[in-house]
Amino acid sequence: MYTLGIDIGSTTSKAVILEDGEKIIASSIVIATVGTDGVPQALEDVMRESGLTQEDIACTVSTGYGRQTYEGADYQVSELTCHALGVHHVCPAARTVIDIGGQDAKVLCLNEQGRMINFVMNDKCAAGTGRFLDVMANILKLDISELEVEAAKAKKPASISSTCTVFAESEVISQLANGTDIPDLVAGICQSVASRVASLAKRAGVNREVCMSGGVARNAGVREAMEKELGVPIVYDERAQLMGALGAALYAYNKVK
Ligand code: ADP
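Given below as structure tokens:
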């Protein structure tokens, strides 16, 4: 049986096709904001990769910030539920999930069955989200995927004292003008995101294993800074950005089964 999960986020659209509730046979991540052609593009990608057609899909679930904008779903499910399902599937030992997306950050506490027992969220401020990193990468003329490469070269991470993204932007520009090395600046930027989200995590309660999901988890600089902030290892799966879509496909499977 094939099920489809679509995660319509603020910054990217993701799709996953799951076979028998176990194996990801196709996936896609398209950079596109809600209301643009991200979803049709992601669907086209997964259909092509799997060689399936819409008729082969037993059930479709949409999740994420823009889940209501896709009319083809059988169910619309919250991203908290889907992230919990996705992370529990790839890492059953996870008890704390730190999900940093394009415009928000969430910390979920799971029990042994993978059920969510608590959560804390920041969706009010760009600091501590992917948006902060996107703005800074833009100033430094780096691709978002290059941040971790630069952060790894840092000798003395810069201190970014402003928590507000707008003020931090000016601070980075002036540190750049004063000759601070780009790797040190990038390490400071990653550190800033990690420390904001770590304080959310401490409010929710940090229990091992701690797993990071969402697009920002792909940045090793943020993961390492988070490990230092929390004093625990971070479990990371390279499909971190797909956890919501995977959880949606799992939800669809459980419904049909
Ligand atoms: P949403 O679900 O809110 O759309 P995502 O979970 O897809 O957000 O995360 C998007 C964020 O992930 C971007 O804002 C960006 O900062 C970060 N990101 C995306 N791709 C990469 C990458 N290759 N390396 C590091 N960070 C990335």
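Our numbering applies: residue 20 is where the sequence shown begins, and numbers increase by one. A virtual CB, placed ideally from N, CA and C, is assigned to each residue, including glycine. Bear in mind that the values here come from a model prediction, so they are computed numbers and not experimental data.
Ligand 1 and Gly224: does the residue's C-beta get closer than 8 Å to at least one heavy atom of that ligand? Gly224 Cβ: outside cutoff for every heavy atom of ligand 1.
Three-way DSSP call (helix, strand, coil) for Leu249 in this model: Leu249 falls in the helix class under three-state DSSP.
For Thr30 and Lys125, what's the separation of their Cα atoms in angstroms? Straight-line Cα distance between these residues: approximately 16 Å.
According to DSSP, which residues form a beta bridge with Phe138? BP columns for Phe138 point to Leu127.
Taking the beta carbon of Thr55 as the centre, do at least 16 other beta carbons fall within 10 Å, making it buried, or is it exposed? Burial call: exposed.
Euclidean distance between Cα positions of Leu265 and Asn197: In a straight line, the C-alpha of Leu265 is about 45 Å away from that of Asn197.
Do Glu169 and Ile179 have their C-beta atoms within less than 9 Å of each other? Not in contact: Glu169 and Ile179 (Cβ atoms no closer than 9 Å).
Smallest Cα separation from Gly263: which of Ile201, Gln95 and Ala177? Cα-wise, what sits closest to Gly263 is Gln95.
Below 8 Å, can you find three or more Cβ-Cβ pairs linking the stretch 254 to 261 to the stretch 159 to 167? Judged by pairs of C-beta atoms under 8 Å, the stretch 254 to 261 does not touch the stretch 159 to 167, as fewer than three such pairs exist.
Ignoring anything shorter than 4 residues, give me the alpha helix (DSSP H) runs that lie fully in the stretch 184 to 234, in order along the chain. If we require 4 residues or more, the alpha helix (DSSP H) runs fully inside the stretch 184 to 234 come out as 184 to 196 and 201 to 223.
Nearest to Ala217 (by Cα), restricted to the options Glu167, Tyr270 and Gly147: It is Gly147.
Our contact map puts Ile208 next to Leu249 with C-beta atoms below 8 Å; I'd like the distance itself, whole angstroms only. Ile208 to Leu249, Cβ: 19 Å. No contact.
When Asp123, Gly120 and Glu131 are compared against Ala277, the one with the closest alpha-carbon: Because the chain in this structure spans residues 20 to 276, residue 277 falls outside the shown range and cannot be described.
Spatially closest choice to Lys172 from Tyr84, Glu38, Ala239 and Ala34, by CA coordinates: The candidate whose alpha carbon is nearest that of Lys172 is Ala239.
Cβ pair Ile25, Arg86 closer than 9 Å: Yes, the pair counts as a contact, with Cβ atoms nearer than the cut-off.
According to DSSP, which residues form a beta bridge with Lys42? The partner list for Lys42 (beta bridge, DSSP) reads Glu38.
Can you tell which of Val58, Cys230, Ile48 and Lys174 has its C-alpha closest to the C-alpha of Thr88? Nearest option by C-alpha distance: Val58.
Suppose the cutoff is 6 Å on Cβ atoms and the five residues either side in sequence are ignored; what does the same chain contact list for Pro202 look like? Spatial neighbours of Pro202 in its own chain (CB-CB distance under 6 Å, excluding positions within 5 residues in sequence) are listed in chain order as Glu169, Lys172 and Ala173.
Going by DSSP in three states, Ala77 sits in which element: helix, strand or coil? In the structure shown, Ala77 sits in a strand (DSSP, three-state: E or B).
Selected residue, minimal CA-CA separation from Ile253, among Leu269, Lys274, Val225 and Tyr272: Checking every option, the nearest Cα to that of Ile253 belongs to Val225.
From the DSSP output, read off the bridge partner residues of Ile25. Its beta-bridge partners are Ala34 and Ser81.
If we require 4 or more residues per run, which alpha helix (DSSP H) segments fall completely within the stretch 148 to 175? With a minimum length of 4 residues, the continuous alpha helix (DSSP H) runs that stay inside the stretch 148 to 175 are 149 to 158 and 166 to 171.
Just the C-alpha distance for Asp39 and Lys221, rounded to the nearest angstrom, thanks. The straight-line gap from Cα to Cα measures roughly 37 Å.
6 Å CB neighbourhood of Cys101 in its chain, flanking five on each side removed: Correct list, in chain order: Thr82, Gly263, Gly266 and Ala267.
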